[in-house]
Amino acid sequence: MKQRLYALAWLMLGAVAAPVLAATPTEARVTAFKTMLRTFEPMGLVVREQEPYRKDAFAKQAATLKTLAAEPFKYFPAGSADAKSRAKPEIWSQAPRFAEARTRFLTAVDGLNAAAQTGDRAAIRKAYGEVAQGCKSCHDAFRGPEK
Numbered sequence: 046m047k048q049r050l051y052a053l054a055w056l057m058l059g060a061v062a063a064p065v066l067a068a069t070p071t072e073a074r075v076t077a078f079k080t081m082l083r084t085f086e087p088m089g090l091v092v093r094e095q096e097p098y099r100k101d102a103f104a105k106q107a108a109t110l111k112t113l114a115a116e117p118f119k120y121f122p123a124g125s126a127d128a129k130s131r132a133k134p135e136i137w138s139q140a141p142r143f144a145e146a147r148t149r150f151l152t153a154v155d156g157l158n159a160a161a162q163t164g165d166r167a168a169i170r171k172a173y174g175e176v177a178q179g180c181k182s183c184h185d186a187f188r189g190p191e192k
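If you read the sequence shown in our numbering, its first letter stands for residue 46, the second for the next number, and so on.
What follows is the structure, given as structure tokens:
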């Protein structure tokens, strides 16, 4: 059991530290979003009943998502849209609107974590959908097409 906890701690540390090692803000935020996605996508398989529901494992994933969710937003300093970036200029020109989208997303992640801790499958499905909608609405407003 101790070995599993140590392994989980190292994994979490690596997930949070990896974006810091990136060369540019664009690379850092992409890394942070992909790290977060690797937690969120497996939860979706469970919500869509393509994988079995295991309460403890799902609750741990939700807690990990909560830990990771704010990380990408640290890497949007003014002027950080480079040739590789899909970030739209509206992130900076409409900063209050972007901040509001971030807050809605983080609130949805908190709701998913709370639902996951109770094990209420209906609440989990609803909360998962709210997180997914938070991702989509932010992408629709602030993320450009693939380059």
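Built from N, CA and C at the ideal position, the CB exists for glycine as well.
As a quick exercise: from the options, pick the residue whose alpha carbon is nearest that of residue i.
{"i": "residue 82", "options": "98, 131, 112, 94", "result": "112"}
{"i": "residue 126", "options": "115, 138, 86", "result": "138"}
{"i": "residue 90", "options": "132, 173, 182", "result": "173"}
{"i": "residue 177", "options": "153, 158, 192", "result": "153"}
{"i": "residue 184", "options": "169, 135, 158", "result": "135"}
{"i": "residue 147", "options": "84, 157, 182", "result": "182"}
{"i": "residue 109", "options": "77, 69, 144", "result": "77"}
{"i": "residue 123", "options": "180, 69, 85", "result": "69"}
{"i": "residue 192", "options": "145, 133, 118", "result": "133"}
{"i": "residue 143", "options": "187, 84, 93", "result": "187"}
{"i": "residue 118", "options": "85, 75, 93, 100", "result": "75"}
Could you have a look at residue i and say whether DSSP puts it in helix, strand or coil?
{"i": "residue 161", "result": "helix"}
{"i": "residue 123", "result": "coil"}
{"i": "residue 188", "result": "strand"}
{"i": "residue 68", "result": "coil"}
{"i": "residue 132", "result": "strand"}
{"i": "residue 115", "result": "coil"}
{"i": "residue 97", "result": "coil"}
{"i": "residue 193", "result": "Residue 193 lies beyond the stretch modelled for the chain, which goes from 46 to 192, so this question has no answer here."}
{"i": "residue 106", "result": "helix"}
{"i": "residue 172", "result": "helix"}
Tell me which same chain residues have a C-beta within less than 7 Å of the C-beta of residue i, skipping the five on either side of it?
{"i": "residue 115", "result": "151"}
{"i": "residue 155", "result": "111"}
{"i": "residue 149", "result": "179"}
Note down, in chain order, each residue of its chain lying with its Cβ closer than 8 Å to the Cβ of residue i, except the 5 sequence neighbours on either side.
{"i": "residue 98", "result": "91, 166"}
{"i": "residue 190", "result": "131"}
{"i": "residue 87", "result": "96, 106"}
{"i": "residue 175", "result": "153, 156, 157"}
Leaving aside the five residues before and after residue i along the sequence, list all residues of the same chain whose C-beta is less than 6 Å from its C-beta, in chain order.
{"i": "residue 71", "result": "127, 129, 130"}
**Request:** Inspect the CB distances between the region 101-108 and the region 155-165 and report whether three or more fall short of 8 Å.
**Result:** Because the criterion of three Cβ pairs below 8 Å is met, the region 101-108 and the region 155-165 touch.
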